[in-house]
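**Student:** After the C-alpha cells below, expect a handful of questions from me.
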Amino acid sequence: MERDNVMPIVLISLLLLALTGTAGAGPLDGPGAPTAVICSACHGFAGQSQSNTMPILAGMASWYFKKAIQDFAAGKRTSPEMEPYAKQVVQFGLDDVAAYFAAQKRTVTPVTSDPAAIERGRAAAAQCTLCHGASGKGDPAKGVPDLTGQPPGYLKSQMLLFKADKRSPGDAQLKVVKALMATIPDEQLADLAAYWSSVR
Amino acid sequence: MKDPTRREFLWTSGLGLLAAGCAPTAADYAQKSGRRVVVIGGGWGGTTAAKYVRLADPSIEVVLLEPNKQFVSCPFSNLVLSGVRTIDSITFGYDRLRAHGVRVLHDTATAIEPDAKRVRVGNDSLPYDRLIVSPGVEFQWEQVEGLAAAQDRVLHAWKAGPQTVELARQLQAMPDGGVFVLTIPPAVYRCPPGPYERTCQVAWYLKNNKPKSKLIVLDANPNIISKTALFRAAWASYPNIEYRGSNKVVKVDPGTREVTTELGDKVKYDVLNLIPPQRAGTIAVSADLVGADKRWCEVNHLTYESVKHKNIHVIGDSTIGLPVPKSGNIANAMGKISALAVVSLLSDKPVPPMAPGNTCYSWVSDREAIAVVNAYKIEGGKVVQIEQKLTPGQSEMWAQNAVGWATSIWQDMLG
C-alpha cells in the first residue's frame, strides 16, 4: 500500500527529470561502467541477462565475480569465450567492474521453466542445500555461490561441466560438488536447474 | 510489476506520444532546442549508439535515420538459407528504441554538411551537435564485369532481407544434381567467417536434400581467412564442397549462367551467390569520410571521431585501422563506446578509455557451432588486441551459446 502512495511522486520526479534535462546517477555511472557495458552484449544491460545460457551478473557478489574472472583469465576455468574477456576486464580494472555489477539491482531470469520440472527439482534439491543452504543463496565464507534466479540453461550447463570435470579441472575446492554431480542423472540436473532458477 | 515496464510506459504514454500519433518526418526536427545527436544507420552500430546515448544522458535528443522499417539480422541469416531458421525469427522492429526516447525516422540521409553541422534529408535538414555515422557497407558492383547490369538476378544475400529469402528459394528449387556456386571477395569485407559459414549451411542443406548436387566455392583469397582449421574440420563432413582458393571472380554472365575467374576459368552454375567486393556505405563516401583508398573511414580509437571531419563519428563496418573484424559484435561495441564518448564530449567531461570486444559464432551444421573471441586494450591511444581464442572444436554447446549471444545482443541493440 505504501508502494501505491509512492508512485505519483516517482512519476512526477521522472517527468521533472525529463523536462529539466537533469541527469542523475544512472546505470552508466561509476568507474566500472565503461568496461561493463562491453559485457552487456552477452550478459544484458547492467548485467540483467535476457538469455537462457548467459548468467545474470547484476547483484552478483563481488567476491564471486572476481574469482570467476580470475579463474577464466588464468585459464583455470576453461572457456574460449570468457578467457579473452576476463583478461580484458582485468586490464581495465577488476575491482571496479565487480563493484559495478554488485551494485546493480538484481533481477531474475525472464526464462521460465516447466512447472512439473520445477516440482521434480524441488523434491531433489536437498542434496544441493547441504552446501548452498536451504535458501540456495550460498555461503561467501566457504566460497559457495548463490544459485537462485539464474537462467536454467546456464545452471544446467555448469552442472554438466562439473559432472564431466570440464569446469576448473583439478580444483580441490570443487571435488565434492563434482563427485555429487557424477551421481545425478542428466535429466535430474535439468530439473534441479529449473527449480533453482525459479527460487527468488 | 517491473521497473523497466513502468519506465517504458512513461515514455510511450507521455513523451513518446508525439511519435505514436503520426509518423514524424525530417521537417519535424528542422529546429533543435537542446543538445542533439543524429545517428545515420539503424544496424548493429547505429541502434546501439542511439540507445546508449539515451541511457547515458536522457537530456540529449537522439534522432536515428534508417530507411528500412524493420531490422533483419545478418548473423544467423545463413541459417535461413538452410531452412534451419525463418526470416521472421531474425526480423525486429524499432519500436522499443522509440520507448527509450529515440526519434526513429524511416528516411535516408542524402548529404552531410560538416561546417553547418547538418544532415540533409531530401529538402529538409537536421541540425546536430554530434553526428554518429554507421552506414554499413556498399557493394563495388563495378569490380565484377556484368554485375552492375544484373543486380536484380545475381544475388549477394550479404545484407539480410529479401535477397536471403530469394536465395533460399533458389536453393530449394535447384534440381538434384545442380551446381551451386558461391563466390567470396578479397579481404577486407563484412563478416570474415560469414562466407565459410554459408558454405557449411548450403552444403548441409544439399547433403540432406539434394545429395547429387555440388557446391563450388570460388574464393578470391588464397585460403579460408577466419577460423581456418575449424572450418576445414567441419568440411570433412561435406564431400559435396569443392573449394578453390585464389579464384577471384571478375566477370558474370547470367545469360550463359557462368562466372569467369581472374585466371580465365569459366564456371557454370545453376544457382549463383556472388558476394561482391565492398566499401563503406554511400553516405560515408559522398560526405568525404573515407580515406585515400576511397573505401573505408579512419577514426580516433577512443572516440570514433572521423580523422577527416570534426564532430562526426564513424562506427561499424565502415571503419578501418583498428585490429578488429567487420562484425556485428564489434559494431555493437563501437556503438556503446562512441555513445559514451559523445555524451562525455557534449558535457565537457573526459572520455572514458574503452576497448571493444568480439564474439563470433559460426554454425557448421543445423546444430553445431564454432567460435572465435577477441579481447582488446588501449595502448598509446590505440586499440590493441590482447588475445584471440578459438573453440577447440565444434559442438552443440557452442551452438546453444550462439543462441544465447544472439538473444542478448539483439536485446542490447533494439530492446
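One line per chain: the protein sequences are A and B, in this order.
Residues 1 to 200 (our numbering) make up the first sequence, in order.
Residues 1001 to 1415 (our numbering) make up the second sequence, in order.
Just so you know, even glycine gets a beta-carbon here, dropped at the ideal spot from N, CA and C.
Between the beta-carbon of V177(A) and the beta-carbon of F162(A), is there less than 7 Å?
**Tutor:** Position 177 of the first sequence, counted from the first residue, corresponds to residue 177(A). Position 162 of the first sequence, counted from the first residue, corresponds to residue 162(A). Yes. Within cutoff.
**Student:** Leaving out the 5 sequence neighbours to the left and right, which residues in its chain are closer than 7 Å to E1166(B) when beta-carbon positions are compared?
**Tutor:** Reading the second sequence from its first residue, position 166 is the one you call residue 1166(B). The answer, listed in chain order, is L1155.
**Student:** Of all the CB atoms in chain B, is at least one closer than 7 Å to the CB of T112(A)?
**Tutor:** The residue labelled residue 112(A) in the question sits at position 112 within the first sequence. So no, T112(A) is outside the interface.
**Student:** What would DSSP say about H1313(B), mapped onto helix, strand or coil?
**Tutor:** By one-based count along the second sequence, residue 1313(B) stands at place 313. Correct three-state label for H1313(B): strand.
**Student:** Quick one, which residues of the stretch 43-57 of chain A are near chain E if we go by CB-CB under 8 Å, in chain order?
**Tutor:** The displayed structure is made up of protein chains A and B, and chain E is not among them.
**Student:** For P1192(B), collect the residues of the same chain with a Cβ closer than 6 Å to its Cβ; drop the 5 residues on either side in sequence, then sort them by chain order.
**Tutor:** Numbered from its first residue, the second sequence carries residue 1192(B) at position 192. Answer for P1192(B): I1225, S1226, P1325, listed in chain order.
**Student:** Hey, is I1275(B)'s beta-carbon within less than 7 Å of any beta-carbon in chain A?
**Tutor:** As a working mapping, residue 1275(B) is identified with position 275 in the second sequence. It does not: the Cβ of I1275(B) has no partner Cβ on chain A nearer than 7 Å.
**Student:** Counting only runs of 3+ residues fully inside the stretch 1056-1115 of chain B, write out the beta strand (DSSP E) ranges in chain order.
**Tutor:** Complete beta strand (DSSP E) runs here, min 3: 1061-1065, 1103-1105, 1111-1113.
**Student:** Cβ closer than 7 Å: which chain A residues qualify as neighbours of P1376(B)?
**Tutor:** The residue labelled residue 1376(B) in the question sits at position 376 within the second sequence. Looking at the sequence itself, residue 1376(B) is Tyr, so the reference to Pro does not match. Simply Q88.
**Student:** Check the Cβ-Cβ distances between P84(A) and every residue of chain B, and say whether any is below 7 Å.
**Tutor:** Within the first sequence, residue 84(A) is the residue found at index 84, counting from 1. Answer yes: the Cβ-Cβ gap between P84(A) and chain B drops below 7 Å somewhere.
**Student:** Count the other C-beta atoms from every protein chain shown that fall within 10 angstroms of the C-beta of R1232(B), then say buried if there are 16 or more, exposed otherwise.
**Tutor:** Here residue 1232(B) corresponds to residue number 232 of the second sequence, with the count starting at 1. Exposed, since its Cβ has fewer than 16 Cβ neighbours within 10 Å.
**Student:** Measuring only between beta-carbons, confirm whether S168(A) sits less than 7 Å from chain B.
**Tutor:** In the first sequence, residue 168(A) corresponds to position 168, counting from 1. No - not a single Cβ of chain B is within 7 Å of the one on S168(A).
**Student:** Whose CA, out of G1328(B), V1039(B), L1272(B), lies closest to the CA of S1362(B)?
**Tutor:** If you number the second sequence from 1, residue 1362(B) lands on position 362. Nearest option by C-alpha distance: G1328(B).
**Student:** Relative to the C-alpha of S1077(B), which residue among T1260(B), S1033(B), Q1201(B) is closest?
**Tutor:** By one-based count along the second sequence, residue 1077(B) stands at place 77. Taking only the C-alpha atoms, the option nearest S1077(B) is Q1201(B).
**Student:** Going by beta-carbon coordinates alone, are E1391(B) and P55(A) separated by less than 7 Å?
**Tutor:** Locating residue 1391(B) in the second sequence gives position 391, where the first residue counts as 1. Locating residue 55(A) in the first sequence gives position 55, where the first residue counts as 1. In the sequence as displayed, the identity of residue 1391(B) is Thr instead of Glu. No.
**Student:** What whole-angstrom Cβ distance do Q1278(B) and P1185(B) have, given they're in contact under 8 Å?
**Tutor:** The residue labelled residue 1278(B) in the question sits at position 278 within the second sequence. The residue labelled residue 1185(B) in the question sits at position 185 within the second sequence. That belief holds up - the Cβ atoms of Q1278(B) and P1185(B) are roughly 7 Å apart, short of 8 Å.
**Student:** Less than 7 Å between the C-beta atoms of E83(A) and F65(A), yes or no?
**Tutor:** As a first step, residue 83(A) is located in the first sequence; it is residue number 83 there, counting from the start. As a first step, residue 65(A) is located in the first sequence; it is residue number 65 there, counting from the start. No.
**Student:** My output table needs one value for S1306(B): the three-state DSSP class, helix, strand or coil.
**Tutor:** Stepping through the second sequence from its first residue, residue 1306(B) is reached at position 306. The answer is strand: DSSP assigns S1306(B) an E or B state.
**Student:** Would you say the stretch 123-130 of chain A touches the stretch 1354-1369 of chain B, given that touching needs at least three Cβ pairs under 8 Å?
**Tutor:** Judged by Cβ distances under 8 Å, the stretch 123-130 of chain A makes no contact with the stretch 1354-1369 of chain B, as fewer than three pairs qualify.
**Student:** Give me the Cβ distance between A1168(B) and V1080(B), rounded to the nearest whole Å; I'm assuming they're in contact under 8 Å.
**Tutor:** Translated into the one-based positions of the second sequence, residue 1168(B) becomes position 168. Translated into the one-based positions of the second sequence, residue 1080(B) becomes position 80. Indeed, because the Cβ distance is near 6 Å, the residues count as touching under 8 Å.
**Student:** Under the three-state reduction of DSSP, which class applies to Y1128(B): helix, strand or coil?
**Tutor:** Here the question's residue 1128(B) lines up with position 128 in the second sequence. DSSP places Y1128(B) in coil when its eight states are reduced to three.
**Student:** Is the CB of I38(A) under 7 Å away from at least one CB in chain B?
**Tutor:** Your numbering for residue 38(A) matches position 38 in the first sequence. So yes, I38(A) belongs to the interface.
**Student:** Quick one: does P145(A) have its CB under 7 Å from some CB of chain B?
**Tutor:** As a working note, residue 145(A) is residue 145 in the first sequence. Answer no: the Cβ-Cβ gap between P145(A) and chain B never drops below 7 Å.
**Student:** Please tell me whether E191(A) and R120(A) are closer than 7 Å, where the distance is taken between their beta carbons.
**Tutor:** The count along the first sequence starts at 1 and reaches residue 191(A) at position 191. The count along the first sequence starts at 1 and reaches residue 120(A) at position 120. It should be noted that the sequence gives Asp, not Glu, for residue 191(A). In this structure, R120(A) lies closer than 7 Å to D191(A) by Cβ.
**Student:** Since E1166(B) is in the alpha helix (DSSP H), which residue starts that stretch and which ends it?
**Tutor:** On the second sequence, position 166 is the one that residue 1166(B) refers to. It spans 1162-1173 - the alpha helix (DSSP H) in which E1166(B) sits, taken as one unbroken run.
**Student:** Tell me which same chain residues have a C-beta within less than 8 Å of the C-beta of L189(A), skipping the five on either side of it?
**Tutor:** Walking along the first sequence from the start, residue 189(A) turns up at place 189. For L189(A), where only same-chain residues beyond five positions count, the Cβ hits under 8 Å are K156, M159, L160, K163, M181.
**Student:** Does D1293(B) pass the burial test, meaning 16 or more other C-beta atoms within 10 Å, or should it be called exposed?
**Tutor:** Here residue 1293(B) corresponds to residue number 293 of the second sequence, with the count starting at 1. The residue in question, D1293(B), is exposed, as its Cβ has fewer than 16 Cβ neighbours within 10 Å.
**Student:** In chain order, what residues of the same chain lie with their CB nearer than 7 Å to the CB of A1355(B), ignoring the 5 residues before and after it?
**Tutor:** Sequence index remark: in the second sequence, residue 1355(B) carries index 355 (1-based). The answer, listed in chain order, is Y1376, K1377, I1378, V1383.
**Student:** Between the stretch 1342-1357 of chain B and the stretch 31-45 of chain A, are three or more C-beta pairs nearer than 8 Å?
**Tutor:** Flag = yes, the stretch 1342-1357 of chain B and the stretch 31-45 of chain A touch.
**Student:** Could you round the C-beta distance between A1284(B) and V1314(B) to whole angstroms and report it? I think they count as a contact, below 8 Å.
**Tutor:** Here residue 1284(B) is taken as the residue at index 284 of the second sequence, counted from 1. Here residue 1314(B) is taken as the residue at index 314 of the second sequence, counted from 1. Going by Cβ atoms, the distance from A1284(B) to V1314(B) rounds to 7 Å, so yes, they are a contact pair.
**Student:** Along chain B, which residues have their Cβ under 7 Å away from the Cβ of Q255(A)?
**Tutor:** There is no way to answer for residue 255(A), as the model of chain A reaches only from 1 to 200.
**Student:** In whole angstroms, what is the alpha-carbon distance linking D1412(B) and V144(A)?
**Tutor:** Here residue 1412(B) refers to the residue found at position 412 of the second sequence. Here residue 144(A) refers to the residue found at position 144 of the first sequence. Taking the straight line joining both Cα atoms gives about 30 Å.
**Student:** Would you kindly check if the distance between the Cβ of A1331(B) and the Cβ of G1321(B) is under 7 Å?
**Tutor:** Here residue 1321(B) refers to the residue found at position 321 of the second sequence. Here residue 1331(B) refers to the residue found at position 331 of the second sequence. Against a cut-off of 7 Å, the Cβ pair of A1331(B) and G1321(B) comes out as no contact.
**Student:** What is the rounded straight-line gap between the Cα of E1258(B) and the Cα of D1265(B)?
**Tutor:** The sequence position of residue 1258(B) within the second sequence is 258, counting from 1. The sequence position of residue 1265(B) within the second sequence is 265, counting from 1. The alpha-carbon atoms of E1258(B) and D1265(B) are separated by roughly 10 Å.
**Student:** So which residues of chain B does S157(A) contact, with C-beta pairs closer than 9 Å?
**Tutor:** By 1-based counting over the first sequence, the position of residue 157(A) is 157. Chain B residues near S157(A): M1397, Q1400, N1401.
**Student:** Is any beta-carbon of chain B found at less than 7 Å from that of L189(A)?
**Tutor:** If you number the first sequence from 1, residue 189(A) lands on position 189. Chain B contact via Cβ: absent.
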